[in-house]
Amino acid sequence: MRRRGIAALALASLFAVGCGQAVTNTTPSDGNGQGSALHAHPQAVEPVAGAGGSSASYPASAASVGVGSGSDSAVLPQPVSDAEIRQELAASGLSASTNQAQLTSNGLAIAPVDAPAAVQEVISAGNEIARLPYRYGGGHITYEDTAYDCSGSISFVFAAAHLLNTMVVSGQLENWGDPGPGKWITVFANAGHTFMYVAGLRFDTVALAETGSRWSNRPADEPDLSTFAVRHPPGL
């Protein structure tokens with residue numbers, strides 16, 4: 022019974038890393054404020070909409086990391102290449118517009134041709150994890166993960182676009198960047214949840230549970246929307 026209690030406490034301490042709570046394990050810095058692990062990206066794999074990532078099977082990879090307590094470890098998906106993403110987007114039959122992102126039938130986003138480079142990088146990174154499963158605390162213990170929660174998802178794509186150099190939780194995003202909506206990116210955050218709009222498309226783990234992708238055309242019509250701080254990256 023004592024061993025079972027210890028295991029339960031360890032699991033509870035892992036799950037304390039959520040969308041709205043402080044994180045003490047962050048990506049190590051390389052001396053320039055940019056974590057050394059913020060350059061490789063996991064591959065988007067097809068999950069069952071809303072399913073957790075603990076029992077999913079992933080492609081083989083040379084690297085593995087522990088994402089839970091104890092001795093269990095998960096093999097990271099292989100990094101997806103830009104060519105693979107371009108091929109899948111081309112197969113959608115859609116073409117990029119000038120200032121509005123397009124949503125493909127399989128849940129990927131096509132960046133506008135006039136979008137700044139940082140916005141295009143956010144969308145590209147969002148495509149890489151758009152269909153990875155949700156897991157509470159996912160993306161906070163390790164940058165490269167097999168599942169991401171709401172703030173872990175946003176931290177991942179912002180780090181890929183060099184808008185962040187560490188993982189953050191939703192409560193931290195309440196005061197991040199500049200106040201108000203942005204021209205290209207608008208972040209909504211409170212102590213318990215965060216989501217954002219990028220060039221008109223919503224990026225959110227709620228949409229993942231509904232459609233199997235974090236990208237959607239859902240409006241910001243939450244009944245508690247007034248409790249969310251509205252922020253945007255400077256200049257975007």
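According to my numbering, the sequence shown is numbered sequentially starting from 22.
We put the CB at the ideal spot given by N, CA and C, even for glycine.
For the beta strand (DSSP E) holding residue i, just list the boundary residues, first then last.
i	result
valine 190	Note, valine 190: premise wrong, no beta strand (DSSP E); not H, not E.
alanine 250	250-253
isoleucine 206	206-210
tyrosine 218	215-219
I need the boundaries of the alpha helix (DSSP H) containing residue i, first residue and last residue.
i	result
alanine 230	226-232
serine 176	171-181
serine 145	138-150
Which word fits residue i, buried or exposed, when buried means at least 16 other C-beta atoms lie within 10 angstroms of its C-beta?
i	result
alanine 122	buried
methionine 22	Low per-residue confidence applies at methionine 22: pLDDT is 46, beneath 50, and the placement is therefore not dependable enough to give any value.
glycine 240	Note that residue 240 corresponds to proline in the displayed sequence, not to glycine. Exposed, since its Cβ has fewer than 16 Cβ neighbours within 10 Å.
histidine 183	exposed
threonine 226	buried
leucine 222	buried
threonine 48	Summary for threonine 48: the model assigns pLDDT 36, below 50, so the residue's position carries little reliability; its value from the coordinates is reported in the next sentence. Classification for threonine 48: buried.
aspartate 242	exposed
So what does residue i bridge to, in DSSP terms?
i	result
glutamine 123	Ile131
aspartate 199	His253
serine 237	Arg223
So residue i and residue j are in contact, right, with Cβ under 8 Å, and what is the actual spacing, rounded?
i	j	result
arginine 252	leucine 194	7 Å
glycine 128	alanine 151	6 Å
glycine 192	proline 254	So it is not a contact: roughly 18 Å between Cβ atoms.
phenylalanine 249	alanine 210	6 Å
leucine 257	tryptophan 205	5 Å
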